[in-house]
Amino acid sequence: MQNKTIYIIAGPTASGKTAFAIALAKYLNTSIISADSRQCFRELNIGVAKPTAAELADVPHFFINNLSISEEVNARFFEEAALTFTQKIFAEKETAVMAGGTGLYIKAFCEGMDTMPGVDQEIREKLRNDFSKNGIQWLQDEVKRKDPAFWQQAEQQNPQRLLRALEIWESTGTSILDFQKSKKIQRDFRIIKIGLEIPMHTLYERINNRVDKMMQDGLLPEVESLLPFRHFAALQTVGYKEIFEYMDGKYSLLEAIEKIKQHTRNYAKRQMTWFKGDKEIYWFEGTAPIDFSTFKKAHKNFPLFFK
């Protein structure tokens, strides 16, 4: 399938990936695979900035609304699912589009996943019980203390990945990073990565405005409806955990909203650090008008120009 190409749209949250990807997919007459670790869950909508119903109807999407929060999803699961979706799209189209901000998912799709060592089931159950009793702050402190190298590049608000790293450390005495050094898999299709970047102050303003709109659109009742499931890993994420803490009386609602904005800005900064480490990404101004009919002229050094 060397004549097939997938364009990957990456970047931090609120950088315009959804609009860019939809415009590109419409220009190429193809479909989009989401590379977002939360938009795949049917029960999560407002708090994960999922594309609107109109946007989902405008262009076929994969890996959105196809799982339940009760299901466990990781990068290896995504790799296998995304490759299946890619094959389905390539059966009819020459190109496909992937868009999302979960760097590990994109890395798994492009390069394959390393083989991880087995984990003792007793260790796994103990850690999960400890996390259930002590919360994410305990988990973050444990990872920071025992695997500081991983902590520096981790999604620090993602308990599923923090637990995985801690399981590996407790089982082997070795950082999970030591098992992530295998040779890259060469896919049988071309991969072109496009990164969207906007000035940080503009990005932060967008994030703040997005959170305000989420509240206006009903984030609070959405989180309230999910209260019985708050222990699921899918809900240990920015925008949900802060509202749960408000419901626990830890914060006022205004304080919780400010926490969501702060934690989202922090996450966006970590996303940029991750993606800037990928030298294969071609970076473009995320606030520029989207007009792919003039894209070739505007970016003469861009490889494999659009048709």
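Just add 1 to the spot in the sequence shown (first one is 1) and you have the numbering used here. C-beta: ideal position from N, C-alpha, C; glycine also.
| query | result |
| --- | --- |
| Could you round the C-beta distance between Glu143 and Leu167 to whole angstroms and report it? I think they count as a contact, below 8 angstroms. | 6 angstroms |
| Applying the criterion that 16 or more other CB atoms from any shown protein chain within 10 Å of the CB defines a buried residue, is Asp37 buried or exposed? | buried |
| Among Val239, Arg271, Tyr268, which one has its Cα closest to the Cα of Ala257? | Val239 |
| Starting from the Cα of Leu204, find the closest Cα among Asn46, Lys270, Ala50, Phe79 and give me that residue. | Lys270 |
| Suppose the cutoff is 8 angstroms on Cβ atoms and the five residues either side in sequence are ignored; what does the same chain contact list for Phe132 look like? | Trp139, Leu140, Pro160, Leu164 |
| Under the assumption that Ile23 contacts Phe42 (Cβ atoms under 8 angstroms), give the Cβ distance between them as a whole number of angstroms. | At roughly 21 angstroms, the Cβ-Cβ gap does not stay under 8 angstroms, so Ile23 and Phe42 are not in contact. |
| Return the CA-CA distance between Leu254 and Asn46, expressed in angstroms with no decimal places. | 20 angstroms |
| With the cut-off set at 8 angstroms, would you say Ile193 and Thr6 are in Cβ contact? | yes |
| Going by other Cβ atoms of all chains shown within 10 Å of its Cβ, with 16 needed for buried, is Pro13 buried or exposed? | buried |
| In the structure shown, what three-state DSSP assignment does Tyr28 receive? | helix |
| Quick one, which of Gly196, Asp121, Glu95, Lys51 has its alpha-carbon nearest Gly287's? | Gly196 |
| Could you give the DSSP three-state label for Gly104: helix, strand or coil? | helix |
| Got a sec, what are the start and stop residues for the alpha helix (DSSP H) Glu80 sits in? | 76-91 |
| Hey, could you find the ends of the beta strand (DSSP E) Lys214 is sitting in? | From DSSP, Lys214 is part of no beta strand (DSSP E) but of the alpha helix (DSSP H) over 201-218. |
| What span of residues does the alpha helix (DSSP H) with Thr265 cover, start to end? | 254-277 |
| Using three-state DSSP, classify Gly48 as helix, strand or coil. | helix |
| I believe Pro52 touches Thr19 by the beta-carbon criterion, under 8 angstroms. Please report the beta-carbon distance rounded to the nearest angstrom. | 5 angstroms |
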